[in-house]
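Protein chains in written order, with numbering that gives the first Met the number 0: chain W, 0 to 90; chain C, 0 to 92; chain U, 0 to 211.
In this text, a Cβ means the ideal position worked out from N, Cα and C, and glycines have one as well.
For clarity, every value in this text was computed on a predicted model and none was experimentally measured.
One structure is given here, and the rest of the page talks about it.
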Amino acid sequence: MHDRGGWPTDAPIDRTDHELADWELLADALVGALGNVGVMNVDELRRAIESMPPEDYEATSYYERWLFAMETILTEKGVLTPGEIDARLAA
Amino acid sequence: MRYRTGESVRVANRRHDGHHRTPGYLKGKIGIVERSHPAFTNPETRAYDGDGLPEQRLYLISVSQRDLWPEYRGAAADRLFVDVFEHWLEKAE
Amino acid sequence: MSDHHHDHDHSHAPISNGDEPLAARTRALEELLVERGVITRDDVRRRIDWLVSRSPADGARLVARAWVDPEFKHRLLDDARTAALELGLDPGPSPVVVALENTETVHHMVVCTLCSCYPKALLGPPPDWYKSLPYRSRAVADPRGVLAEFGVELDGDVELRVVDSTADIRYLVIPRRPARTDALTEDELAAIVTRDSMIGVAQPLAPTQVAA
């Protein structure tokens, strides 16, 4: 699903750009910070993104995938416990 | 350094379950080594909490676009350049 | 973007309603990680500062210098990372940065079909279209069609080289210097080098196109 080279498509390329929202910059910064402290590397980030269900991969925005990847890897490594972000948001 | 600039190489036509950086469109294709890069950690193991060692040399290889896409619309000289790890390359006849 | 202040307590950029859950989730993640001592707010702040400081103006300086100084161009083609450091620029974390020279007979175009690898230290964040699924699939299989969509038409005798950045090497295109630019200063030359021309989907601006 992530291996897109030559994937058949007639879709035109949408060239509108958008300035990154604060949360997107934050997501990018979190990945960078986690990399700098050695908790998550870029290969793990990519692997986690590639593990998304195909329909989710196509439906989510770029940084939404990064957020998914961080949660996946950090939960896998026991840095986060499953469901605790949901719990924090509900509080 | 296993492959030299200008040498013909084939990209392994190997199924790999799990994270790897050799695009599907390139597998089994024959290309030319354009340059050799240093060695880098192997993403295939580093992606799963491994250390990615031993490092593998990366090569920039080029393939004729017409060899990749049956319906390629472009010049006969057009090429695609891709960075491929040494352990994904074989000598081509 | 360099003067955009980022404060963790307040959001300045407009957030579409659809994104608020994601924004809240990202903030919650940051909070947890900081509370747990995995990272500090300073780590995050420094990273954000670095990200917003990145822009294509850095890449443009490399190109402009290469256009006016053949010896520098040679060094840039040999080792773009070291050449960037020579100009006091930050080439980014990749150990290898390669500059690809467009000529009368060769045109380069860069893509990352597998994700979105991009020389963001020298060009700023990648545009949305670069990360899009259509670009990632069509840039390799139908690059001349993609270029036509971007308004670039290459002669049939120009070799088009598409570079798929699959690994840690970062690629930057040195576009061809436009005609009638002999009288421009190096700074004026840098001003006509666009981000898209350093990705390879556009040519630099004509000297008359630069805003006053």
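If you draw a straight line from the Cα of Asp156(U) to the Cα of Glu187(U), it is about 31 Å long.
A Cβ-Cβ separation of about 14 Å leaves Val110(U) out of contact with Ile168(U) under the 8 Å criterion. The beta carbon of Gln202(U) sits closer than 8 Å to those of Val151, Pro174, Arg175, Pro177, Ser196, all from its chain and outside the five residues before and after it, given in chain order. Counting other Cβ atoms within 10 Å of its Cβ, Arg46(U) reaches 16 or more and is therefore classed as buried. DSSP places Leu50(U) inside the alpha helix (DSSP H), whose first and last residues are 40–52.
Nearest in C-alpha terms to Ala190(U), of all of Val62(U), Ala82(U), Glu34(U), Leu153(U), is Val62(U). Its chain contains Val81 as the residues whose beta carbon lies nearer than 8 Å to that of Pro22(C), once the 5 sequence neighbours on both sides are disregarded; these appear in chain order. The beta carbon of Ala120(U) is closer than 7 Å to those of Arg53, Asp89, Pro90, Gly91 in its chain, skipping five residues each way along the sequence.
At a Cβ-Cβ threshold of 7 Å, Gly5(W) and Val97(U) do not count as neighbours.
Selection Tyr58(C), Ile60(C), Glu70(C), Asn41(C) evaluated against Gly51(C) yields Asn41(C) as nearest (Cα-Cα). The beta carbon of Pro203(U) sits no closer than 7 Å to any beta carbon of chain W. Interface criterion not met: the Cβ of Tyr56(W) is under 7 Å from no Cβ in chain U. Taking 7 Å as the CB threshold, Asp42(W) stays off the interface with chain U.
Contact between Arg45(W) and His18(C) holds, with the beta-carbon distance rounding to 6 Å and staying under 8 Å. Ranking Leu73(W), Thr80(W), Ser50(W), Gly77(W) by CA distance to the CA of Met0(W) puts Ser50(W) first. Exposed is the label assigned to Ser7(C), since fewer than 16 other Cβ atoms lie within 10 Å of its Cβ. Under DSSP, Asp82(C) forms a beta bridge with Leu59(C). Against chain C, the beta carbon of Gly5(W) has neighbours under 7 Å at Tyr24, Trp68, listed in chain order.
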